[in-house]
Amino acid sequence: MVYQAETQFPSIHDKTDIYDASGNRVAHIERKFFTLHERHFVTMAEGASFEISNEILHIIKDITNIVNME
6 MVYQAETQFP SIHDKTDIYD ASGNRVAHIE RKFFTLHERH FVTMAEGASF EISNEILHII
66 KDITNIVNME
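What follows is the structure, given as structure tokens:
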């Protein structure tokens with residue numbers, strides 16, 4: 006499957022839309038502007054939403070948290 010990402014530039018909230026090969030929007034992603042973690046809010050086309058965050062200041066390993074993904 007092929008996906009296409011379109012990002013609004015410039016944008017304070019770093020908004021990105023993901024489309025499938027037929028041009029249908031699959032997801033919308035926004036980055037929270039001020040946060041201690043790199044935090045993105047994902048809203049799927051069917052209405053499900055969840056949050057992805059990358060914890061910073063971990064030297065040995067990367068830690069990614071996914072909250073409310075069902």
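My numbering puts the first residue of the sequence shown at 6, with every later residue one more than the last.
We put the beta carbon where it would ideally sit given N, CA and C, even for glycine.
Computed from a predicted structure; not experimentally measured.
> Among Arg-36, Arg-44, Thr-48 and Ala-53, which residue has its Cα nearest to the Cα of Ile-68?
Replying inline: Walking along the sequence shown from the start, residue 68 turns up at place 63. Nearest of Arg-36, Arg-44, Thr-48 and Ala-53 to Ile-68, Cα basis: Arg-44.
> What is the C-beta distance between Ala-50 and Val-31, in whole angstroms, given that I count them as a contact (C-beta under 8 Å)?
Replying inline: As a first step, residue 50 is located in the sequence shown; it is residue number 45 there, counting from the start. As a first step, residue 31 is located in the sequence shown; it is residue number 26 there, counting from the start. With a contact defined as Cβ atoms closer than 8 Å, Ala-50 and Val-31 qualify at about 6 Å.
>> Per the DSSP calculation, Ala-53 is bridged to which residue(s)?
In response: To locate residue 53, count along the sequence shown from 1; it is residue 48. Beta-bridge annotation (DSSP): Ala-53 is not paired with any residue.
> Tell me the DSSP bridge mates of Asp-22?
Replying inline: The residue labelled residue 22 in the question sits at position 17 within the sequence shown. Asp-22 pairs with Glu-11 and His-33.
> So what's Asn-73 in DSSP terms, helix, strand or just coil?
Replying inline: Indexing the sequence shown from 1 puts residue 73 at position 68. Coil, per DSSP.
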